[in-house]
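> I have a structure I would like to understand better, so I am pasting it below and will then ask my questions one at a time.
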Amino acid sequence: MILTDTQKSNYERDGFLIYGSMLSEKELEDLSQRIDALASGEHCNAEKAGIRLEGAAIAGGLQDVSRRDKVWQLGNPHLHDDIILKYTNKPEILDIVTELLGTEDVKLFTTQALMKPAFHGSIVSWHQDSAYWTSVSPPALVSCWTALDDATEENG
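Numbering-wise, the sequence shown is residues 153 to 308 according to this note's numbering.
Okay, here's the thing in C-alpha cells:
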C-alpha cells in the first residue's frame, strides 16, 4: 500500500490528491527540455506532434515571440519522445493510480502538455477533466498532473 487511508478518503471526498514530488530535479529538467524541444519543432512536425497554437498566433499575431511561446498545447507528446514515454510509465505513479482505481487493469488514455505562455497565453478556466472524456465508459479515470515550472509573477 502506497497511499494512507487518509489520502484515499481525501481523494474520494475531494476528487483530487496532492501527492507531492514524484520526480527528481534531473527528471523534471529532462522532461521540461523535451517538451520545449517538441513545442519548438525540433523533433517532429506540428501536425504529427498534435501541436495547438495560441488563438492569437493562429490569427497571425504574436510575430515577436518564439515558436515555443506560440504553442498552447501538445497532444500525446509521449508518442514522439522516449523520455516523455518513460515518465508516463513511471512505476511509482502507476502504483498510485492502480491503488486509486482499485485495479491493476490500467490503460493510458491520453497525454498532453499545456504550455500556457506568460503574458499572452489563453485562459483555461476551472473545469473538470471528465467533462471532455465522454468516450470513456465507465468514467473510471485518474488525471496525473505535473508542474514543470513554478508559478510566479515573472512567468505570468
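Think of the CB as a built atom: it goes at the ideal place given N, C-alpha and C, for glycine as much as any other residue. Bear in mind that the values here come from a model prediction, so they are computed numbers and not experimental data.
(1) Taking the Cβ atom as the reference point for each residue, do ILE248 and ILE154 lie within a distance shorter than 8 Å?
(2) Of the residues ASP234, LEU175 and ILE170, which one's Cα is nearest the Cα of GLU244?
(3) Helix, strand or coil for LEU266 per DSSP?
(4) Determine the closest residue to GLY172 out of GLY227, GLU305, LEU293 and LEU300, with distance taken between C-alpha atoms.
(5) One question on the structure: do LEU266 and SER282 come within less than 8 Å of each other, judged by their Cβ atoms?
(6) Just mark ASP157 as buried or exposed, buried being the case when its beta carbon has 16 or more other beta carbons within 10 Å.
(7) What's the call for PRO290, buried or exposed, on a 16-neighbour Cβ count within 10 Å?
(8) Using only the alpha-carbon positions, how far apart do THR263 and GLY227 sit?
(9) Throw me the rounded Cβ distance for the LEU260 and THR240 pair, which I believe falls under 8 Å.
Put simply:
(1) Yes, Cβ-Cβ distance for ILE248 and ILE154 is below 8 Å.
(2) Taking only the C-alpha atoms, the option nearest GLU244 is LEU175.
(3) In the three-state scheme derived from DSSP, where H, G and I count as helix and E and B as strand, LEU266 is classed as strand.
(4) GLY172 has its Cα closest to that of LEU300, out of GLY227, GLU305, LEU293 and LEU300.
(5) Cβ distance not < 8 Å, so LEU266 and SER282 don't count as in contact.
(6) Only exposed fits ASP157, as fewer than 16 other CB atoms lie within 10 angstroms of its CB.
(7) PRO290 should be labelled exposed.
(8) When rounded, the distance between both Cα atoms is 6 Å.
(9) Right, their Cβ atoms sit about 6 Å apart.
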